[in-house]
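Encoded as structure tokens, the structure appears first; notes follow it.
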Amino acid sequence: MQNIAVIGAGTMGNGIAHTFAQSGFKVQLIDISETSLKRGLETIAKNLDRMVTKEKISEAEKTITLNNISSYTNLKEGVKNTDLVVEAATENVVLKLNIFKQLDEICAPDTVLATNTSSISITEIAGVTSRPDKVIGMHFMNPVPIMKLVEVIRGYSTSAAITKTIMELSKTLGKVPVEVNDYPGFVANRILMPMLNESIETLYNGVAGVKEIDTVMKLGMVHPMGPLQLADFIGLDVCLSILNVMYEGFKNPKYAPCPLLVNMVRAGKLGAKSGEGFYDYSESRKAKTVSDQFLK
Numbered sequence: 070m071q072n073i074a075v076i077g078a079g080t081m082g083n084g085i086a087h088t089f090a091q092s093g094f095k096v097q098l099i100d101i102s103e104t105s106l107k108r109g110l111e112t113i114a115k116n117l118d119r120m121v122t123k124e125k126i127s128e129a130e131k132t133i134t135l136n137n138i139s140s141y142t143n144l145k146e147g148v149k150n151t152d153l154v155v156e157a158a159t160e161n162v163v164l165k166l167n168i169f170k171q172l173d174e175i176c177a178p179d180t181v182l183a184t185n186t187s188s189i190s191i192t193e194i195a196g197v198t199s200r201p202d203k204v205i206g207m208h209f210m211n212p213v214p215i216m217k218l219v220e221v222i223r224g225y226s227t228s229a230a231i232t233k234t235i236m237e238l239s240k241t242l243g244k245v246p247v248e249v250n251d252y253p254g255f256v257a258n259r260i261l262m263p264m265l266n267e268s269i270e271t272l273y274n275g276v277a278g279v280k281e282i283d284t285v286m287k288l289g290m291v292h293p294m295g296p297l298q299l300a301d302f303i304g305l306d307v308c309l310s311i312l313n314v315m316y317e318g319f320k321n322p323k324y325a326p327c328p329l330l331v332n333m334v335r336a337g338k339l340g341a342k343s344g345e346g347f348y349d350y351s352e353s354r355k356a357k358t359v360s361d362q363f364l365k
């Protein structure tokens, strides 16, 4: 595999494009929004500049990486002559199913179709295509250029050969791939999201405040980031979406999202990306100031 298409120029999409391009692959970055594409490419350039400053890469390597990326707003043009398509669009099942229906129609028969979904069934996504054996999950972690893990999710019909190919491909990116089976939340979010949700419940029930909860988990459990800060970093809308997928998939009340989380998403308090969640990010991207609504 040499030619890779990445659908979605947001946080995950531009990170995935960056990672493939830096590893020497030709990347076709696709987004329906020209503005999103421009912003995504600017983010990649800034992240590369940071790496140059830290002497992790040279100026020449930065230039080569950027030259490995081309951008498209047209899906059909963007996936032309690609060996692998990695979908990194919004975590919405209807949107993803629609994208994969289109990809199946316009991509060459031997093109592998991967999704960066963090919770949606690979088997369900594969079911709308005529190539379920070539559909697989590649769940990268954020920030993609830094985080080593890739959850490689094998759908019900994903072939052993394709799974092996994606496992090896992930290693060429400098990642550590872990093969998991296709159940709601996979491994990472099946364990992580209930913890985040329980942290929100702890706040909701008045057991402790935002900083107190995060401090207990950082100092007592050696977590690098408190759970409420992490939820803000992931995006509270994304957390809610994943919990809903798991709740629907398992029909188990332990995955039901906390009412506080639901209300915050309804109010547009989505975390760092909206400027406010459990913390206020109006003056700093770092979680230093607790949002007013949670101050005692």
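Per this note's numbering: the sequence shown = residues 70 to 365. All C-beta atoms, glycine included, are put in the ideal place defined by N, C-alpha and C. Keep in mind the model is a prediction, meaning the values are calculated, not measured.
query: K357, DSSP secondary structure in three states; result: coil
query: Integer Cβ distance of D179 from I73, believed to fall under 8 Å; result: Contact doesn't hold; Cβ gap of about 14 Å is too wide.
query: Endpoints, beta strand (DSSP E) assigned at A141; result: Note that residue 141 is Tyr in the sequence shown, not Ala. I138 to Y141 is the span of the beta strand (DSSP E), which, as asked, contains Y141.
query: Start and end residues, beta strand (DSSP E) containing M70; result: Element bounds for M70: n/a, residue is neither H nor E.
query: Beta bridge counterpart(s) of F209 as assigned by DSSP; result: V219
query: Identity of the residues DSSP links to V249 by a beta bridge; result: I222
query: Cβ-based neighbour list, F319, same chain, cut-off 8 Å, excluding 5 preceding and 5 following; result: P253
query: Any alpha helix (DSSP H) of 4 or more consecutive residues that is wholly inside the stretch 305-348; result: 305-319 and 328-335
query: Other residues of its chain near F94: CB distance less than 8 Å, five sequence neighbours each side excluded; result: M70, Q71, N72, I73 and N137
query: Cβ neighbour criterion (16 or more within 10 Å) applied to D283; result: buried
query: E103 to E156 span [Cα, whole Å]; result: 17 Å
query: T134 beta carbon less than 9 Å from that of H87; result: yes
query: Residue closest to K217, alpha-carbon to alpha-carbon, out of H208, G224, D361 and T122; result: H208
query: Close Cβ partners of K145 (< 7 Å) along its chain, the five nearest in sequence each way excluded; result: I175
query: Cβ pair D306, V334 closer than 9 Å; result: yes
query: Beta-bridge pairing of T184 - partner residues as DSSP gives them; result: E156 and G206
query: V96 to E281 span [Cα, whole Å]; result: 44 Å
query: Presumed contact (8 Å Cβ cut-off) between L272 and L299, rounded CB distance; result: The pair is not a contact, with the Cβ atoms about 14 Å apart (cut-off 8 Å).
query: C-beta contact flag for M120 and P246 at 9 Å; result: no
query: Helix, strand or coil at A86 according to DSSP, with G and I counted as helix; result: helix
query: Three-state secondary structure (DSSP) of A129; result: helix
query: C-alpha gap between E248 and L364, whole angstroms; result: 43 Å
query: C-alpha distance - E220 paired with A183, whole-angstrom precision; result: 12 Å
query: Three-state class that DSSP yields for A54 in the structure shown; result: With the chain running from 70 to 365 in the structure shown, residue 54 is simply not present.
query: Buried versus exposed, by CB contacts within 10 Å (16 or more), Q362; result: exposed
query: Close-in-space but distant-in-sequence residues of the same chain around I311 (CB under 8 Å, 5 per side omitted); result: E160, S187, S188, G254, N258 and M262
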